[in-house]
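Q: Take a look at the following structure, please.
In the working numbering, the protein residues as written are 162 to 535.
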């Protein structure tokens, strides 16, 4: 007797998106009415839910969507109860006051099943099963979907954990670096959120999926990891660097790339999705649009998008942060400078997204303000 493994596609070295689509196909073999499976991730620092991955092709109603959990009271309520949610008549939610509810209703889904995800007892997101027909989520169906839901949860945990293992290792080294570097942890929190904001703003033009955008958030704080290899005499010098010292400082980008390559090798993370995003951020975030940057003198579109995004976020936060050698610039002053150098040193589109989202920028500044005692 021969048998084909229904989940054989999960054995391949494929992306989370491809594996989620594979699971969806198996689910549809049992329940053809399940039209979409989607995953959102929860950011405990900001109390925000973000769209992460889905199985519904290009027609995803929540693509690039994020919202405070407080703005989704029905989801917050089921989380407080610690139970999943069944809606067998999605049309009853059409008049909902919240954007995510309206988007789902407009797509024409007739029913939904929402399952919270936990990792060692800690909530980290939701799985959504959306159906094309009403009244399909019987107790028998739900029991089987629970199995698929927990499989998906383990897949997501595995994917995120690999990225976070690498991030944790690099962050540990970065923490050592920042004991010597005047930049703070709050700087990393802010610039990573600015990077995420810019990536979301460019998503439509560059067809960026939510998975890529999430990795921008995770990997952008690691841009200066190579500074761990810079001597104190250069890194901590209070005055202007000499030409020779600037040359030494500029080596941090290649040192960072080498460190990341070594960690990927040592931890066996070659299959980690978007690891090249991390490499590009570390190596190219000091390139300039006009080719005057380093280490390779790349120009314009030859600079990877993730590096162009991080460059703008990093410069903006450096300008608006107080340092021992300078006062913090106002948002207006920093925006004016970014606009001045846009198209020359910094990517014009990235700058424009940041400038156009002043309210979100100021909220990031409020949430991740410097600790005056730190």
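Think of the CB as a built atom: it goes at the ideal place given N, C-alpha and C, for glycine as much as any other residue.
Please return the same chain residues whose Cβ sits closer than 6 angstroms to the Cβ of residue 114, not counting the five positions on each side in sequence.
A: This structure gives no information on residue 114, because the portion of the chain shown stretches from 162 to 535.
Q: May I ask which residues mark the beginning and end of the beta strand (DSSP E) holding residue 433?
A: In the chain shown, residue 433 corresponds to position 272, counting from 1. Counting along the chain, residue 433 falls outside any beta strand (DSSP E), and DSSP gives it neither H nor E.
Q: With a threshold of 6 angstroms on Cβ separation, who are the neighbours of residue 392 within its own chain once the five nearest residues in sequence on each side are excluded?
A: In the chain shown, the residue the question calls residue 392 occupies position 231. None.
Q: Would residue 364 and residue 377 be called neighbours here (beta carbons separated by less than 8 angstroms)?
A: Here residue 364 is taken as the residue at index 203 of the chain shown, counted from 1. Here residue 377 is taken as the residue at index 216 of the chain shown, counted from 1. Going by C-beta atoms, residue 364 is not nearer than 8 angstroms to residue 377.
Q: Give a yes or no on contact between the segment 190 to 198 and the segment 452 to 466, applying the rule of three or more CB pairs nearer than 8 angstroms.
A: no
Q: With a 10 Å radius around its C-beta and 16 neighbouring C-beta atoms as the bar for buried, classify residue 168 as buried or exposed.
A: Along the chain shown, read from residue 1 onward, the residue named residue 168 stands at position 7. Burial is judged here by how many other beta carbons sit within 10 angstroms of a residue's own beta carbon; residue 168 has fewer than 16 and is exposed.
Q: Can you have a look at residue 117 and say buried or exposed, based on whether 16 or more other CB atoms are within 10 angstroms of its CB?
A: Within the shown structure, residues of the chain are numbered from 162 to 535, placing residue 117 beyond reach of any answer.
Q: Tell me which residue opens and which closes the beta strand (DSSP E) that residue 400 is part of.
A: Within the chain shown, the letter at position 239 stands for residue 400. Careful: residue 400 lies outside any beta strand (DSSP E) and carries neither H nor E.
Q: Note the first and the last residue of the continuous beta strand (DSSP E) segment covering residue 286.
A: Taking the first residue of the chain shown as position 1, residue 286 is located at position 125. Here the beta strand (DSSP E) through residue 286 covers 283 to 292.
Q: Looking at C-beta atoms only, is the number of pairs between the segment 397 to 416 and the segment 352 to 368 that lie closer than 8 angstroms three or more?
A: no
Q: Would you mind reading off the limits of the alpha helix (DSSP H) that contains residue 234?
A: One-based indexing of the chain shown puts residue 234 at position 73. Run containing residue 234: 234 to 242, per the alpha helix (DSSP H) assignment.
Q: Helix, strand or coil for residue 449 per DSSP?
A: One-based indexing of the chain shown puts residue 449 at position 288. Three-state result, residue 449: coil.
Q: For residue 166, which residues in the same chain have their Cβ closer than 7 angstroms to its Cβ, ignoring the five residues on either side in sequence?
A: Here residue 166 refers to the residue found at position 5 of the chain shown. No residues qualify anywhere along the chain.
Q: Between the alpha carbons of residue 227 and residue 472, how many angstroms are there, rounded?
A: What you label residue 227 is simply residue 66 of the chain shown in a count that begins at 1. What you label residue 472 is simply residue 311 of the chain shown in a count that begins at 1. In a straight line, the C-alpha of residue 227 is about 23 angstroms away from that of residue 472.
Q: Where does residue 165 sit, in a helix, a strand or coil, going by DSSP?
A: For the purposes of this step, residue 165 is identified with residue 4 of the chain shown, where counting begins at 1. The answer is coil: DSSP assigns residue 165 none of H, G, I, E or B.
Q: Do the CB positions of residue 474 and residue 293 come within less than 8 angstroms of each other?
A: Along the chain shown, one-based indexing puts residue 474 at 313. Along the chain shown, one-based indexing puts residue 293 at 132. It is not a contact, given that the beta carbons lie outside the stated cut-off.
Q: Span of the alpha helix (DSSP H) holding residue 191?
A: Within the chain shown, numbered from 1, the residue matching residue 191 stands at position 30. Unbroken alpha helix (DSSP H) run through residue 191: 177 to 191.
Q: Just to confirm the assignment: which complete alpha helix (DSSP H) runs, minimum length 4, are found wholly within the segment 347 to 410?
A: 371 to 380 and 393 to 396
Q: Check this for me: beta carbons of residue 361 and residue 215, under 8 angstroms apart or not?
A: Residue numbering aside, residue 361 sits at position 200 when the chain shown is read from its first letter. Residue numbering aside, residue 215 sits at position 54 when the chain shown is read from its first letter. Residue 361 places its beta carbon 8 angstroms or farther from that of residue 215.
Q: Which whole-angstrom value describes the C-beta separation of residue 184 and residue 318, a residue pair presumed to lie in contact below a C-beta threshold of 8 angstroms?
A: Residue numbering aside, residue 184 sits at position 23 when the chain shown is read from its first letter. Residue numbering aside, residue 318 sits at position 157 when the chain shown is read from its first letter. Actually they do not touch by this definition, with Cβ atoms about 14 angstroms apart.
Q: Comparing C-alpha positions only, which one of 213, 248 and 207 sits nearest to residue 232?
A: Walking along the chain shown from the start, residue 232 turns up at place 71. Measuring from the Cα of residue 232, the nearest candidate turns out to be 207.
Q: May I ask which residues mark the beginning and end of the alpha helix (DSSP H) holding residue 427?
A: For this step, residue 427 is matched to residue 266 along the chain shown. Counting along the chain, the alpha helix (DSSP H) containing residue 427 begins and ends at 413 to 427.
Q: Going by the CB atoms, is the gap between residue 421 and residue 433 shorter than 8 angstroms?
A: What you label residue 433 is simply residue 272 of the chain shown in a count that begins at 1. What you label residue 421 is simply residue 260 of the chain shown in a count that begins at 1. Contact flag unset, no.
Q: Where does residue 291 land, buried or exposed, given buried means 16+ other C-beta within 10 angstroms?
A: Numbered from its first residue, the chain shown carries residue 291 at position 130. When all chains shown are included, residue 291 counts as buried.
Q: Using a 10 Å radius around the Cβ and a threshold of 16 neighbouring Cβ atoms, would you call residue 525 buried or exposed?
A: Locating residue 525 in the chain shown gives position 364, where the first residue counts as 1. Result: buried.
Q: Give me the residue from 172, 298 and 212 with the minimum Cα distance to residue 273.
A: Looking up residue 273 in the chain shown gives position 112. Considering only alpha carbons, the answer is 298.
Q: From residue 496 to residue 479, what distance separates their C-alpha atoms?
A: Walking along the chain shown from the start, residue 496 turns up at place 335. Walking along the chain shown from the start, residue 479 turns up at place 318. Each residue's Cα considered, the two are about 12 angstroms apart.
Q: Taking the C-alpha atoms as reference points, what is the distance between residue 493 and residue 301?
A: Residue mapping note: residue 493 aligns to position 332 of the chain shown, counting from 1. Residue mapping note: residue 301 aligns to position 140 of the chain shown, counting from 1. Approximately 59 angstroms, taken between the alpha carbons.
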